[in-house]
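Just so you know, our numbering puts 382 at position 203 of the sequence shown, and the rest follows in order with no gaps. Heads up, the beta-carbon is just placed ideally off N, CA and C, and yes, glycines get one too. Since the structure is predicted, the reported quantities are computational estimates derived from the model, not experimental observations.
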Amino acid sequence: MTQTAENMQTSVQVEHHDRIVTIRLNQPERKNALSSTMLQALSTALTEAEQSEITSLILTGAGGCFCAGADLTELTGTTDDLEVDNAIETVVNKIREFPVPVIAAIDGPCMGGAVDLALSCDVRIAASNTFFQLPATRLSLLYNPGAVERMYHSFGRDTMMRLLIIGERFDAKAALSVGMVSHIVEEAECYEAAFTYCQQATGNSRSAMTSTKNLLNALAINSYDADYWEKQRLQHLSSPERLAAVSKAKSRFTKK
Numbered sequence: 180m181t182q183t184a185e186n187m188q189t190s191v192q193v194e195h196h197d198r199i200v201t202i203r204l205n206q207p208e209r210k211n212a213l214s215s216t217m218l219q220a221l222s223t224a225l226t227e228a229e230q231s232e233i234t235s236l237i238l239t240g241a242g243g244c245f246c247a248g249a250d251l252t253e254l255t256g257t258t259d260d261l262e263v264d265n266a267i268e269t270v271v272n273k274i275r276e277f278p279v280p281v282i283a284a285i286d287g288p289c290m291g292g293a294v295d296l297a298l299s300c301d302v303r304i305a306a307s308n309t310f311f312q313l314p315a316t317r318l319s320l321l322y323n324p325g326a327v328e329r330m331y332h333s334f335g336r337d338t339m340m341r342l343l344i345i346g347e348r349f350d351a352k353a354a355l356s357v358g359m360v361s362h363i364v365e366e367a368e369c370y371e372a373a374f375t376y377c378q379q380a381t382g383n384s385r386s387a388m389t390s391t392k393n394l395l396n397a398l399a400i401n402s403y404d405a406d407y408w409e410k411q412r413l414q415h416l417s418s419p420e421r422l423a424a425v426s427k428a429k430s431r432f433t434k435k
């Protein structure tokens, strides 16, 4: 499929608000399906946002739908569909490795590959009408093993059996009960709640957030290296950025 610059720009919308960036999946007429154009535009938007001096990022969908999953019109039912899995994996890795918190504002359906995108975000705020579903086995598909491994470490065998093999539809409350969702809010408040959440991090040290996020990611996949993280801790303790932050905090304290 030919991907014009115009198509890529319109398939996602990027909004800047001080040190907060919003990336919005913007094809509501197609339920924000993950077409090759959408995935490439999303990957590009994440790369560009990473290079800016922001403290958090919001990922959301337009039109009352987070994302209906892979664009079925582009699937072939053959090994060529690995290209879709690889493109989703690229975006997921960018979200997981993004240097500051990524907050998902999830409204309405979150299905298929979009579940992997949402669960790779650091915090997930869901509207009360949200539901998650992974109908992989209905499509005679073994879901991406790398994605299954990540989700298994986070949510356990029971949840993965229900999600992947049964194809159970998790509404917002069910998702909250197993840790797939961080908070539930009313439908009209989803994006605003995510934005308010991000505002809490605007004064935080970007480098400290990055290191802490990387530590949590390592713990999530059982790859914690005590010596490495102690070295990271010592580097932060003696960094110019920390010295400036401590001095600023002392100044505020003495003025009280």
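| said: Helix, strand or coil for GLN192? Go by DSSP, reduced to three states. | reply: For this step, residue 192 is matched to residue 13 along the sequence shown. Reduced to three states, the DSSP call for GLN192 is strand.
| said: Which same chain residues end up closer than 6 angstroms to GLY240 when comparing Cβ atoms and leaving out the 5 residues on each side of it in sequence? | reply: If you number the sequence shown from 1, residue 240 lands on position 61. Contacts found: LEU204, ASN211 and CYS246.
| said: Quick check on GLU185: does DSSP put it in helix, strand or coil? | reply: Along the sequence shown, read from residue 1 onward, the residue named residue 185 stands at position 6. Note that GLU185 scores 43 on pLDDT, short of 50, meaning its location in the model is unreliable and no value can be drawn from it.
| said: Cutting at 7 angstroms between CB atoms, please list the residues of its own chain near LEU218, excluding the five before and the five after it. | reply: For the purposes of this step, residue 218 is identified with residue 39 of the sequence shown, where counting begins at 1. Within the same chain, LEU218 has close Cβ partners ALA266, ILE267 and VAL270.
| query | Along the chain, which unbroken stretches of the beta strand (DSSP E) at least 3 residues long are found entirely within the segment 287–356? | reply | Correct list: 288–290, 302–306 and 310–312.
| field | Reduced DSSP secondary structure (H/G/I, E/B, other) of MET180 | value | The residue given as residue 180 occupies position 1 in the sequence shown. Its pLDDT being 32, under 50, MET180 is placed unreliably in this model, and the coordinates cannot settle the point.
| Three CB pairs or more closer than 8 angstroms across the segment 355–371 and the segment 251–264 | In short, these stretches do not touch, since the Cβ pair count stays below three.
| said: If you reduce the DSSP assignment to three classes, tell me which class CYS244 lands in. | reply: Indexing the sequence shown from 1 puts residue 244 at position 65. DSSP places CYS244 in coil when its eight states are reduced to three.
| Residue interval of the beta strand (DSSP E) (run including ILE199) | As a first step, residue 199 is located in the sequence shown; it is residue number 20 there, counting from the start. Here the beta strand (DSSP E) through ILE199 covers 199–204.
| message | Is THR338 close to the ligand MN? I mean its beta-carbon at under 7 angstroms from any heavy atom of the ligand. | response | This structure lacks the ligand MN; in fact it carries no ligand of any kind.
| task | Could you tell me which of ASP286, PRO419, SER319 and GLN230 sits nearest to ALA367, measuring between CA atoms? | result | The sequence position of residue 367 within the sequence shown is 188, counting from 1. When only C-alpha atoms are compared, the closest one is ASP286.
| said: Taking its Cβ as the centre, do 16 or more other Cβ atoms sit within 10 Å of GLN414, making it buried, or is it exposed? | reply: Indexing the sequence shown from 1 puts residue 414 at position 235. That one is exposed.
| said: I need the straight-line Cα distance from LEU343 to PRO419, nearest angstrom please. | reply: The residue labelled residue 343 in the question sits at position 164 within the sequence shown. The residue labelled residue 419 in the question sits at position 240 within the sequence shown. C-alpha separation (whole angstroms): 47 angstroms.
| task | Can you tell me which of the three DSSP states VAL364 falls into? | result | Mapped onto the sequence shown, residue 364 falls at position 185. Strand.
| request: Please state whether DSSP places VAL281 in a helix, a strand or coil. | output: If you number the sequence shown from 1, residue 281 lands on position 102. If DSSP states are grouped into helix, strand and coil, VAL281 belongs with the strands.
| task | Count the C-beta pairs between the segment 377–396 and the segment 230–239 that are closer than 8 angstroms, then say yes if the count reaches three, no if not. | result | Short answer: they touch.
| Between VAL327 and MET340, which are expected to be in contact by the criterion C-beta below 8 angstroms, what is the C-beta distance as a whole number of angstroms? | On the sequence shown, residue 327 is found 148 positions in, with the first residue counted as 1. On the sequence shown, residue 340 is found 161 positions in, with the first residue counted as 1. With a Cβ gap of about 11 angstroms, VAL327 and MET340 do not count as contacting.
| query | With 16 other CB atoms within 10 Å as the buried threshold, where does PHE277 fall? | reply | Sequence index remark: in the sequence shown, residue 277 carries index 98 (1-based). Buried is the call here.
| If we ignore side chains and look at the alpha-carbon of each, how far apart do ASN272 and THR433 end up? | As a first step, residue 272 is located in the sequence shown; it is residue number 93 there, counting from the start. As a first step, residue 433 is located in the sequence shown; it is residue number 254 there, counting from the start. If you take the alpha carbons of ASN272 and THR433, they lie about 44 angstroms apart.
| Under the rule that 16 or more other beta-carbon atoms within 10 Å means buried, what is ASN323, buried or exposed? | Position 144 of the sequence shown, counted from the start, is the residue given in the question as residue 323. Counting the other CB atoms within 10 Å of its CB gives ASN323 a total of 16 or more, which places it among the buried residues.
| message | If you reduce the DSSP assignment to three classes, tell me which class ILE237 lands in. | response | As a first step, residue 237 must be located in the sequence shown, where it is residue number 58. Residue state, collapsed to three classes: strand.
| request: Taking the CB atoms as reference points, tell me whether ILE199 and ALA224 lie closer together than 8 angstroms. | output: Residue numbering aside, residue 199 sits at position 20 when the sequence shown is read from its first letter. Residue numbering aside, residue 224 sits at position 45 when the sequence shown is read from its first letter. Going by C-beta atoms, ILE199 is not nearer than 8 angstroms to ALA224.
| field | Residue(s) in a DSSP beta bridge with LEU413 | value | Position 234 of the sequence shown, counted from the start, is the residue given in the question as residue 413. For LEU413, DSSP assigns no beta-bridge partner whatsoever.
| query | Residue range of the alpha helix (DSSP H) that TYR370 falls in? | reply | Translated into the one-based positions of the sequence shown, residue 370 becomes position 191. 369–378 is the extent of the alpha helix (DSSP H) around TYR370.
| Presumed contact (8 angstroms Cβ cut-off) between ALA284 and LEU213, rounded CB distance | Walking along the sequence shown from the start, residue 284 turns up at place 105. Walking along the sequence shown from the start, residue 213 turns up at place 34. The Cβ separation is near 17 angstroms, so there is no contact.
| query | Would you report the Cα separation of GLY325 and TRP408, rounded to the nearest angstrom? | reply | As a first step, residue 325 is located in the sequence shown; it is residue number 146 there, counting from the start. As a first step, residue 408 is located in the sequence shown; it is residue number 229 there, counting from the start. Rounded to whole angstroms, GLY325 to TRP408 spans 25 angstroms at the Cα level.
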